[in-house]
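In the working numbering, the protein residues as written are 3 to 549.
By construction, the Cβ of each residue, glycine as well, lies at the ideal position given by its N, Cα and C atoms.
Worksheet: the structure to be examined is printed underneath.
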Ligand code: F6P
């Protein structure tokens with residue numbers, strides 16, 4: 003593997019640190035000095051209008067960041083990813099979620115095989131199945147039509163379809179009920195199924211590996227729930243269970259008919275997979291045409307990322323802004339604040355995308371990193387957050403860069419007063435980014451007649467960085483564009499940090515230990531190697547459990 007010079011020894015890094023140390027004017031002054039800033043600091047990709055004028059950067063900052071990207075080979079790694087090279091070095095895998103949205107006639111090769119035909123074969127298989135469920139042609143064991151679809155999966159096999167289902171609810175078949183079960187806490191499956199008729203329920207077991215303990219446990223319990231309703235008749239499983247997986251052997255072993263399996267491949271990472279077979283529940287909900295519109299949205303941003311010049315490349319820009327805050331201004335977190343109720347699960351989805359990808363402290367060559375990597379990603383939809391934690395963003399002591407995502411029009415279903423509320427929602431959206439950036443000076447507060455002892459409390463320093471992402475409406479295509487934007491942003495950061503953004507070894511240890519601890523909880527067995535604190539806690543648990 004090519005030796006990657008230490009990031010912090012690069013002259014481009016030193017130049018950025020020096021630039022930071024020289025300081026910079028408050029955002030108020032940056033705008034005052036540069037009347038064209040608001041127009042110039044905008045990048046457009048597809049339907050997304052991305053305004054970064056309220057970021058703590060100047061032309062010089064941006065130029066230096068682009069130099070860092072060039073020096074660290076971001077574009078070379080990007081091209082290697084699109085070519086299907088095995089850039090997931092620790093798992094020796096290609097990283098080709100972009101092939102999932104490639105057009106039918108594209109050629110993307112992995113080890114000399116064009117994978118696009120098989121991507122489209124699965125999309126066609128999904129479309130056929132989705133149409134049959136939507137039309138009522140696919141019936142349950144007793145001949146009743148399917149009314150409920152329950153996706154059983156976790157991590158990437160849950161968050162993506164659950165987020166997208168929520169985001170695109172206005173486009174969904176309203177005569178079907180969709181539920182997403184992920185937690186191994188039995189309460190999750192219980193609540194998801196307690197009011198459902200098994201004869202009308204389809205379970206979609208989504209698991210890339212088909213070995214994930216939470217999913218297999220929930221799927222097994224779901225199967226028992228179903229079989230109980232059909233006096234143990236195993237023939238029912240074929241009409242009520244389908245699988246989304248790369249592991250045909252395990253799917254068969256579980257008892258799901260391989261004809262009811264929708265495949266994907268090891269070059270699709272779990273957190274990059276909801277546009278693969280993992281999106282089957284979503285496709286049933288919104289229909290194949292809308293699903294394809296969403297894929298087109300993804301592809302639009304893929305093409306942009308691949309071809310747009312650095313100055314106008316949106317994922318590159320967002321990635322580099324994150325590097326600026328994370329590595330040079332000591333920000334620890336990044337807030338994503340969608341002003342759309344339909345994006346209520348978007349930030350949770352991004353948490354896995356970003357934190358599982360870039361939560362790393364070892365470089366691609368195995369050496370430790372000596373710089374900050376991925377931020378803590380968090381946030382909830384506006385305006386709820388305004389009445390909860392925005393106080394800290396406005397007047398706390400931490401630097402919290404934030405993305406504000408909003409839409410010019412509410413979804414088509416809203417009318418009358420509810421439609422009119424959209425302007426109020428968006429008034430808050432714009433007001434917040436203005437208040438964060440420009441704040442309110444002590445003089446302004448005094449001029450309002452505020453008593454002197456309150457002036458400091460009611461002063462807003464401002465200078466809090468935000469990006470505003472605006473689109474006309476939250477359509478399937480726009481959702482695809484947004485997700486691809488963040489996927490590639492995460493990629494850019496991983497490339498600069500020289501980490502493998504596509505493995506997730508950090509989740510393994512907990513999984514292994516859980517397997518070891520379980521017998522201690524159920525049977526009181528001794529678990530060799532448990533630390534004293536955990537041993538004491540397990541003992542306390544058993545006492546409480548049996549009290
Ligand atoms: O959390 C670890 C992880 O492997 C994720 O990367 C993945 O999305 C999730 O578990 C579920 O995995 P699977 O789809 O194989 O069940």
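Query: Give the single residue among 21, 364, 186 whose Cα lies nearest to the Cα of residue 373.; Result: 364
Query: Quick check on residue 215: buried or exposed, where buried means 16 or more other Cβ atoms within 10 Å of its Cβ?; Result: exposed
Query: Could you check whether the Cβ of residue 210 sits closer than 6 Å to any heavy atom belonging to the ligand F6P?; Result: yes
Query: Say yes only if the C-beta of residue 248 is nearer than 6 Å to one or more non-hydrogen atoms of the ligand F6P, and no if none qualify.; Result: no
Query: For the putative contact between residue 440 and residue 464, defined by C-beta atoms under 8 Å, what is the C-beta separation to the nearest angstrom?; Result: 5 Å
Query: In angstroms, rounded to a whole number, what distance separates the CA positions of residue 448 and residue 395?; Result: 23 Å
Query: Check residue 184 in the structure and name its three-state DSSP category.; Result: coil
Query: Pop quiz: residue 174 and residue 287 are said to be a contact at Cβ under 8 Å. What is the actual Cβ separation, rounded to whole angstroms?; Result: 4 Å
Query: Thinking C-alpha only, which one of 177, 106, 203 is nearest residue 154?; Result: 203
Query: Assuming residue 247 contacts residue 253 (C-beta within less than 8 Å), just tell me the rounded distance between them.; Result: 5 Å
Query: Any contact between the region 366–385 and the region 347–355? By contact I mean 3 or more CB pairs, one from each, below 8 Å.; Result: yes
Query: Hey, which unbroken runs of the beta strand (DSSP E) at 3 residues or more fall wholly within the region 325–394?; Result: 335–340, 378–380
Query: Three-state secondary structure (DSSP) at residue 220?; Result: helix
Query: Given this structure, state the Cα-to-Cα distance separating residue 483 from residue 163, to the nearest angstrom.; Result: 16 Å
Query: With a 10 Å radius around its C-beta and 16 neighbouring C-beta atoms as the bar for buried, classify residue 331 as buried or exposed.; Result: exposed
Query: Taking C-beta to C-beta, are residue 321 and residue 494 nearer than 7 Å?; Result: yes
Query: Quick one: grab the DSSP three-state call for residue 618.; Result: Only positions 3 to 549 of the chain appear in the structure, and residue 618 is not among them; the question remains open.
Query: Fully enclosed by the region 42–105, which alpha helix (DSSP H) runs are 4 residues long or longer?; Result: 61–73, 76–85
Query: Name the one or two DSSP bridge partners that residue 111 has.; Result: 116
Query: So does the region 400–418 actually touch the region 331–341, counting three or more Cβ pairs closer than 8 Å?; Result: yes
Query: Hey, quick one: how far does the alpha helix (DSSP H) through residue 545 stretch, first residue to last?; Result: 534–548
Query: Does the count of Cβ pairs from the region 503–514 and the region 308–320 closer than 8 Å reach three?; Result: no
Query: Can you tell me which of the three DSSP states residue 480 falls into?; Result: helix
Query: The alpha helix (DSSP H) that contains residue 304, what's its start and end?; Result: 290–309
Query: If you measure from the CB of residue 159, is any heavy atom of the ligand F6P nearer than 6 Å?; Result: yes
Query: Note down, in chain order, each residue of its chain lying with its Cβ closer than 6 Å to the Cβ of residue 362, except the 5 sequence neighbours on either side.; Result: 375, 501
Query: Any heavy atom of the ligand F6P inside 6 Å of the beta-carbon of residue 321?; Result: no
Query: Write down every uninterrupted run of the beta strand (DSSP E) in the region 130–195 whose length is 3 residues or greater and which is fully enclosed by it, in chain order.; Result: 150–154, 179–183
Query: Taking one C-beta from the region 264–278 and one from the region 96–112 each time, how about it: are there three or more such pairs within less than 8 Å?; Result: yes
Query: In angstroms, rounded to a whole number, what distance separates the CA positions of residue 219 and residue 307?; Result: 40 Å
Query: Would residue 470 and residue 524 qualify as a contact pair, given that the criterion is a beta-carbon distance under 7 Å?; Result: no
Query: Return helix, strand or coil for residue 32, following the three-state DSSP convention.; Result: helix
Query: Who are residue 231's beta bridge partners in DSSP?; Result: According to DSSP, which records beta bridges pairwise, residue 231 is partnered with nothing at all.
Query: Comparing alpha-carbon positions, which option in 313, 135, 146 lies nearest residue 262?; Result: 135
Query: Using a threshold of 7 Å, state whether the C-beta atoms of residue 132 and residue 290 are closer than that.; Result: yes
Query: Counting C-beta neighbours from all protein chains within 10 Å, is the total for residue 400 16 or more, i.e. buried, or is it exposed?; Result: exposed
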